[in-house]
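Note sheet for the following structure.
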Amino acid sequence: MSARTATIWTFVVTSVAIFMVSLDNLVVTTALPVIKHDLGASLQGLEWTVNAYTLTFAVLLLTGAALGDRFGRKRMFLTGLAIFTLGSAFAALAPSIGALIAARAMQGVGGAIVTPLTLTILSAAVPPARRGMALGIWGGVSGLAVALGPVVGGAIVDGLSWQWIFWLNVPIGLALLPIALLRLTESKGANRSLDLPGLGLASVGLFGIVWGLVRGNAHGWTSLGVAGPIAVGIVLLGAFVLWERRTPEPMVPLRFFRNRAFSAANVTSLLMSFGMFGSIFLLAQFFQIVQGYTPLQAGIRTLPWTAMPIIVAPIAGMLSDRIGARPLLVAGMALMAAGLGWMAIVTSPTVAYLWLVPAFVMAGVGMSLYFAPVANLVLSTVRRKEEGKASGVNNTVREVGGVFGVAVLASVFSAAGSYLSPQSFVNGMVPAIWVGAAAVALAGVAAVLIPPKEDVVPDSVSLLERGEREGLDASVAELACESDAA
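Just so we're aligned: 1040 in this note's numbering is position 417 of the sequence shown, and the numbers increase by one with no gaps anywhere.
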């Protein structure tokens, strides 16, 4: 198999995998009112239907990246894909909200293994000078899944039943497994040791924090069952930092965070995800509960927002190779914050859909300017052999932000409104959307701190690799390396 053919197959496999995993972030949103009625779920049950996926996903992303480095990225990719497919089947067969939540958690385990490995496997197969374009297309595929999530979910719920939004994953996963087995090449990280104490401290610490966050609305933010796990989680993450500073082979090299670009990118990811996922959680229900649309009609009405990454993300990826991530991320967060603010201003039980379309487009374009540039930026701040760890950190931060956003915005919603009437729903949704807009605006402030493109590559990268990243001919880069050694 030629190098070009291998690259194409790698791109196809990783893109389909990220499509499937990304689809399940939002495919369930338009089905929430139907699930609420069918399984008798409460608001907390609906939150858990979303957060059980993001909980395990966020907690285990670092673990998935580390296991790929240790046992082989192809092997762990196949394992994660199998777990995700099996979890989807269990979700489709769930007889109760509790069983559905458990199956969603299983999906999250598989997704946590697959997601960071799609980036490292794809990055290794594409020349560094063209990585922005590849990640842009990858981001477009991920954006397509985001766009189709509410529509596919709505169409399936209207035409079949909510169970089929999970059955959809099973044939895709079963078809992808043998292709990945035959076409992907195996690779491992430079550091193949497994930092078990680090894995344990990070996983349990993140679990404690996220567990507390998703239970805050039901049990009260000051209750022992909420504040206790959050406090324990913070202490364990502090212990994780101390351990990582001392161990010779850390799971997360803390020097990553001494790079201003890496730190600012992760703060941007945290705040963007907070605002985006928390807002979409409520907006997906607004069209059905307040304005009486079917799930499919509600999904179609979100397309001006969710379909934008299909068009804009590949362009943003190519631009990030030329001008760097900072201007794209600053512009994207500004547009997204403006879009959410517009929604909060005009939303009422009887608001005309056309008043929301410009806000959806702004938010969608803003979101599109995030995905590929931030992935390209994060991978550019570390050595190529450490890209798996860097990807795992960034994905973890983003998912924790999403869980935090759903929990906090749902809490704001509950304090100011309810499901009792269209007006009471809007009374709760509007202040929650304002909180989401504020978070995204702060993400834009964090993006301003990202250095220019030419200052992003870390000092630890050799001249040879630096030359490759800048697209120089290999022989020229080699000469530069020899000159540096002399």
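By construction, the Cβ of each residue, glycine as well, lies at the ideal position given by its N, Cα and C atoms.
Exposed unless 16 or more other CB atoms sit within 10 angstroms - verdict on residue i
i     : result
G989  : buried
E809  : exposed
I576  : Since the first and last residues shown for the chain are 624 and 1109, residue 576 lies out of range.
E872  : exposed
R1021 : buried
P996  : buried
A1109 : A caution first: A1109 carries a pLDDT of 39, below 50, which makes its placement in the model too unreliable to give a value.
Y976  : exposed
T738  : buried
T628  : exposed
R945  : exposed
I968  : exposed
Q1046 : exposed
S719  : exposed
L704  : buried
L783  : exposed
R1092 : At R1092, the pLDDT of 46 sits below 50, so the modelled position is not reliable and the matter cannot be decided from this model.
L847  : exposed
R924  : buried
T929  : buried
S902  : buried
F880  : exposed
G940  : buried
L979  : buried
F1043 : Contrary to the premise, residue 1043 reads as Leu rather than Phe in this sequence. Exposed: under 16 other Cβ atoms inside 10 Å.
V875  : buried
L716  : exposed
V639  : buried
T633  : buried
Beta-carbon proximity check, residue i vs residue j, cutoff 7 Å
i     : j     : result
V849  : G839  : yes
T891  : L952  : yes
A854  : V636  : no
G740  : G695  : Strictly speaking, residue 740 in this sequence is Leu, with Gly absent from that position. Cβ distance not < 7 Å, so L740 and G695 don't count as in contact.
G1051 : G1040 : yes
A986  : M959  : yes
V764  : T708  : no
L1025 : S896  : The displayed chain sequence assigns Gly, not Leu, to residue 1025. Yes, these two residues count as a Cβ contact at 7 Å.
A954  : L992  : yes
R883  : L877  : no
L669  : L646  : no
V1058 : P972  : no
A825  : G964  : no
A1062 : G898  : yes
W834  : P852  : yes
V927  : V984  : Sequence check: residue 927 is Pro here, not Val. Closer than 7 Å, so yes.
L684  : T1019 : yes
A1066 : M956  : yes
L906  : A1055 : no
L919  : A778  : yes
T686  : L829  : no
V657  : V780  : yes
A688  : G1015 : yes
I706  : V732  : yes
L724  : W671  : The amino acid at residue 724 is misidentified as Leu; the sequence shows Ile. Taking 7 Å as the Cβ cut-off, I724 and W671 qualify as a contacting pair.
F885  : T743  : no
V1035 : N1017 : no
K659  : L807  : no
F909  : Y916  : no
A1030 : L836  : yes
T970  : V1023 : no
Cutoff 7 Å: residue i Cβ touching any chain D Cβ
i    : result
T741 : Included in the structure is just one protein chain, with no chain D present.
Do the region 674 to 689 and the region 783 to 796 touch if we need at least three Cβ pairs shorter than 8 Å? no
I'd like the ranges of any alpha helix (DSSP H) spanning at least 4 consecutive residues and lying wholly in the region 849 to 912. 883 to 912
Check whether the region 877 to 893 and the region 855 to 863 touch, using three or more Cβ-Cβ pairs below 8 Å as the test. no
Of all the alpha helix (DSSP H) runs that stay within the bounds of the region 695 to 750, which reach a length of 4 or more residues? 696 to 715 and 720 to 748
Uninterrupted alpha helix (DSSP H) stretches inside the region 954 to 1021 (no shorter than 4 residues): 976 to 991 and 994 to 1003
4-residue-minimum alpha helix (DSSP H) runs that sit fully inside the region 1045 to 1078, ordered along the chain: 1045 to 1071
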